[in-house]
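Here is the structure we will look at.
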Amino acid sequence: MSEGATMTTQPVVETRNLIKVYGDMVGVRALDGITLSIPRGQFVAIIGPSGAGKSTLLHMLGALDRPSQGEVCIDGQSLGHVRDLDRFRSRTIGFIFQMHNLIPTLTALENIEVPMAESPLPARRKRERARELLKLVGLEARGGHLPNMMSGGERQRVAIARSLANEPAILLADEPTGNLDSKTTDEIMSLLARLNHEQGMTLIVVTHNPQVAGVAERVLTLRDGKIESDIAFSSPYEKDLIDLKHSQLGRAILAGSADLPTELDGAVEPLRQLLLQV
Ligand SMILES: Nc1ncnc2c1ncn2[C@@H]1O[C@H](COP(=O)(O)OP(=O)(O)OP(=O)(O)O)[C@@H](O)[C@H]1O
Ligand SMILES: [Mg+2]
Numbered sequence: 001m002s003e004g005a006t007m008t009t010q011p012v013v014e015t016r017n018l019i020k021v022y023g024d025m026v027g028v029r030a031l032d033g034i035t036l037s038i039p040r041g042q043f044v045a046i047i048g049p050s051g052a053g054k055s056t057l058l059h060m061l062g063a064l065d066r067p068s069q070g071e072v073c074i075d076g077q078s079l080g081h082v083r084d085l086d087r088f089r090s091r092t093i094g095f096i097f098q099m100h101n102l103i104p105t106l107t108a109l110e111n112i113e114v115p116m117a118e119s120p121l122p123a124r125r126k127r128e129r130a131r132e133l134l135k136l137v138g139l140e141a142r143g144g145h146l147p148n149m150m151s152g153g154e155r156q157r158v159a160i161a162r163s164l165a166n167e168p169a170i171l172l173a174d175e176p177t178g179n180l181d182s183k184t185t186d187e188i189m190s191l192l193a194r195l196n197h198e199q200g201m202t203l204i205v206v207t208h209n210p211q212v213a214g215v216a217e218r219v220l221t222l223r224d225g226k227i228e229s230d231i232a233f234s235s236p237y238e239k240d241l242i243d244l245k246h247s248q249l250g251r252a253i254l255a256g257s258a259d260l261p262t263e264l265d266g267a268v269e270p271l272r273q274l275l276l277q278v
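Counting along the sequence shown from 1, when you hit position 261 you're at 261 in our numbering, and nothing is skipped either side.
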């Protein structure tokens, strides 16, 4: 085992009994006791119905908002004790949101340089780094383009490049492919998976999309602010079953629908049993 591998034992993200209540008297309990540990380099998908608390959890993990109770530790450091959260965040965590939030009056390269504003690097190095990142996301030819001169997928790739500007250890993404077609979703997800593999970046992605969750090593399902299930895949076969479970066909099998393809006849019950186990 290499030295790097030994160091992976300390979780990069940990939460203990995280509770978030929005409002006061009749508050919404958006998170209701989340205890979670994510090892460095893991690719985690967070799924669950609308209102389950997925974005709220991501905001807590990224120190964009504070929990009502409980604790978040990043790299062993409790966020409650960090003096300058903005600085900590910009050095440690990258964010990608559903709407890429690029600044419309800045070119792709300039957008990528925005998070580096505080960095002591000279302007020339910042520009070099922005070019490297643009190349990484396959858009080296688009550096001078404004956001409205690019496709949705290209804009999202610029947003990913921007999120990597300060070499974050953790990348948090909230529905990063939410408004993209299935082909572009595949491209964006392969890009994220590559970053995870090649750079060992910890990736936490909130999604409604089974296609996206299917790429992750671990799928965390939230419901009503609680962890409903937490599945790490030990085999690709198990992953296929999970994909099936979240597909239209899998849901129909679990629901005991009478409207299943006839060629599945004898296989429905065994499949149902398998799906119930994952
Ligand atoms: N700023 C806020 N003020 C009050 N309630 C909020 C606020 N943000 C979220 N909520 C509530 O907290 C709960 C969890 O919201 P959250 O945005 O985390 O859900 P989500 O799982 O991300 O849903 P979606 O899939 O629709 O994005 C919801 O009931 C929501 O109405
Ligand atoms: Mg959300």
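Here a beta-carbon is modelled for each residue, glycine too, at the ideal position from N, C-alpha and C.
All values reported here derive from a predicted model rather than from experimental measurement.
What did DSSP end up calling residue i once you bin it into helix, strand or coil?
i    : result
L275 : helix
G4   : Confidence in G4 is poor, its pLDDT being 43 and thus under 50, which makes the residue's placement unreliable; the coordinate value appears in the next sentence. In this structure, G4 counts as helix in the three-state DSSP scheme.
I103 : coil
L254 : helix
E217 : coil
R280 : No answer is possible for residue 280: it lies beyond the span of the chain, which begins at 1 and ends at 278.
N179 : coil
S229 : strand
R66  : coil
R83  : coil
L222 : strand
G266 : helix
Tell me the residue span of the beta strand (DSSP E) that contains residue i.
i   : result
L61 : Element bounds for L61: not the beta strand (DSSP E) but the alpha helix (DSSP H), 54-61.
Would you mind sorting residue i into buried or exposed? The rule is 16 or more other CB atoms within 10 Å of its CB.
i    : result
Q42  : buried
G94  : buried
K239 : buried
L172 : buried
S279 : With the chain running from 1 to 278 in the structure shown, residue 279 is simply not present.
T262 : exposed
T6   : Low confidence applies here, because T6 scores a pLDDT of 44, under 50, leaving its location unreliable and the question unanswered by this model.
Would you mind reading off the limits of the alpha helix (DSSP H) that contains residue i?
i    : result
A130 : 123-136
G153 : 152-163
L109 : 108-113
Can you name the residues that DSSP bridges to residue i?
i    : result
V206 : I46, D174
F95  : L172
P39  : P11
E71  : R16
R194 : Answer is none; R194 lacks a bridge partner.
S78  : C73
L31  : K20
Within the same chain, show all residues whose beta-carbon is closer than 6 Å to that of residue i, passing over the 5 residues directly before and after it, in chain order.
i    : result
H246 : P210
E140 : L134
E113 : K126, A130
Tell me which residues share the same chain as residue i and place their Cβ nearer than 7 Å to its Cβ, disregarding the 5 neighbours each side in the sequence.
i   : result
G53 : A30, L31, L222, G225
Flag residue i as yes when its Cβ comes closer than 7 Å to any non-hydrogen atom of ligand 3, and as no otherwise.
i   : result
S55 : With respect to ligand 3, the structure shown offers nothing to examine, as its ligands consist of ligand 1 and ligand 2.
Between residue i and the rest of its own chain, which residues show a CB-CB distance below 8 Å, the 5 nearest in sequence each way excluded?
i    : result
V278 : I231, E238, L241, I242, K245
V268 : I253, L260
Taking 8 Å as the threshold (beta carbon to beta carbon), is residue i in contact with chain D?
i    : result
E238 : Among the chains of the structure shown, chain D does not appear; only one protein chain is present.
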